[in-house]
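Report on one structure; see the data block that follows.
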Amino acid sequence: MLIEDVVRPTFQGDDRFLEPPFGIMGWSMGGYGALMAGALYPELFSAVCGVSPAIWRTAADQEAAVPDAFDNAADFTKHDLFALVPGLRKSKVRIDCGTGDPFYAADKAFVTALEADGQHPDVSFEPGCHNAPFWQSGMFENLRFMATALR
Numbered sequence: 224m225l226i227e228d229v230v231r232p233t234f235q236g237d238d239r240f241l242e243p244p245f246g247i248m249g250w251s252m253g254g255y256g257a258l259m260a261g262a263l264y265p266e267l268f269s270a271v272c273g274v275s276p277a278i279w280r281t282a283a284d285q286e287a288a289v290p291d292a293f294d295n296a297a298d299f300t301k302h303d304l305f306a307l308v309p310g311l312r313k314s315k316v317r318i319d320c321g322t323g324d325p326f327y328a329a330d331k332a333f334v335t336a337l338e339a340d341g342q343h344p345d346v347s348f349e350p351g352c353h354n355a356p357f358w359q360s361g362m363f364e365n366l367r368f369m370a371t372a373l374r
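Written out as structure tokens, the structure is:
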């Protein structure tokens, strides 16, 4: 829906007002979605920022934490961000997560997977939790990253 109803209409046709590349940023499951969109549509998103992205390493981890985040284990596997790491090679990526966040370990593992793929993500792991005060505290740096990456 993001791609077909929001992004593509902004640069197709005679009434276009924006041209790619775009940046995308999201928090929690939106951070997961931003990373997914960046991996699947690298021609559209040259800057991707996941703030406390809701990433799980396995379907079992996801099922135990948030049972309704995916339809089932097959759906999780189909949308596994670790399998899509190569799709982010053309993008500048930032991961920002608090060290007290329940997604911290998986987010850190995701950064390791990006680095193992030869990527150089911008990373911030600072004290904080999965909540608005942490997200607000990093807003300036996350927006600075996006502005710099889109130059």
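Start counting the sequence shown at 224; every next residue gets the next number (the numbering used here). C-beta atoms are modelled at their ideal positions from N, C-alpha and C, and glycine is treated no differently.
Notebook entry, point to check: With D330 and P243 assumed to form a contact (beta carbons below 8 Å), what rounded beta-carbon distance in angstroms separates them?
Noted result: Counting from 1 along the sequence shown, the entry for residue 330 is found at position 107. Counting from 1 along the sequence shown, the entry for residue 243 is found at position 20. The pair is not a contact, with the Cβ atoms about 27 Å apart (cut-off 8 Å).
Item checked: Close-in-space but distant-in-sequence residues of the same chain around R317 (CB under 6 Å, 5 per side omitted) -> Position 94 of the sequence shown, counted from the first residue, corresponds to residue 317. The residues C272, D345, F368, in chain order, have a CB closer than 6 Å to that of R317 in the same chain once the five nearest residues on each side in sequence are set aside.
Check: Looking only at its own chain, which residues have a Cβ that is under 6 Å from the Cβ of L311, when we skip the five neighbours before and after it?
Finding: Your numbering for residue 311 matches position 88 in the sequence shown. G261, A262, listed in sequence order.
Check: Would you call the region 356 to 367 and the region 331 to 339 touching, i.e. three or more CB-CB distances under 8 Å?
Finding: Under the 8 Å Cβ criterion, the region 356 to 367 does not count as touching the region 331 to 339, having fewer than three qualifying pairs.
Notebook entry, point to check: Going by beta carbon distance, what residues of the same chain come within less than 6 Å of G256, once the five residues before and after it are set aside?
Noted result: What you label residue 256 is simply residue 33 of the sequence shown in a count that begins at 1. So the qualifying residues of the chain are G249.
Item checked: Distance between A339 and G254 (C-alpha atoms, nearest Å) -> Here the question's residue 254 lines up with position 31 in the sequence shown. Here the question's residue 339 lines up with position 116 in the sequence shown. Just so you know, the alpha carbons of G254 and A339 end up roughly 21 Å apart.
Note to self: So H302 and M259 are supposed to be a Cβ contact under 8 Å. How far apart are they, rounded?
What the structure shows: On the sequence shown, residue 302 is found 79 positions in, with the first residue counted as 1. On the sequence shown, residue 259 is found 36 positions in, with the first residue counted as 1. Confirmed, Cβ separation roughly 7 Å.
Note to self: Which residue marks the beginning of the beta strand (DSSP E) containing S251, and which one marks its end?
What the structure shows: Indexing the sequence shown from 1 puts residue 251 at position 28. Run containing S251: none; DSSP gives neither H nor E here.
Notebook entry, point to check: Given a threshold of 16 other Cβ atoms within 10 Å of its Cβ, counted over all protein chains shown, does G351 qualify as buried or as exposed?
Noted result: Looking up residue 351 in the sequence shown gives position 128. So G351 counts as buried.
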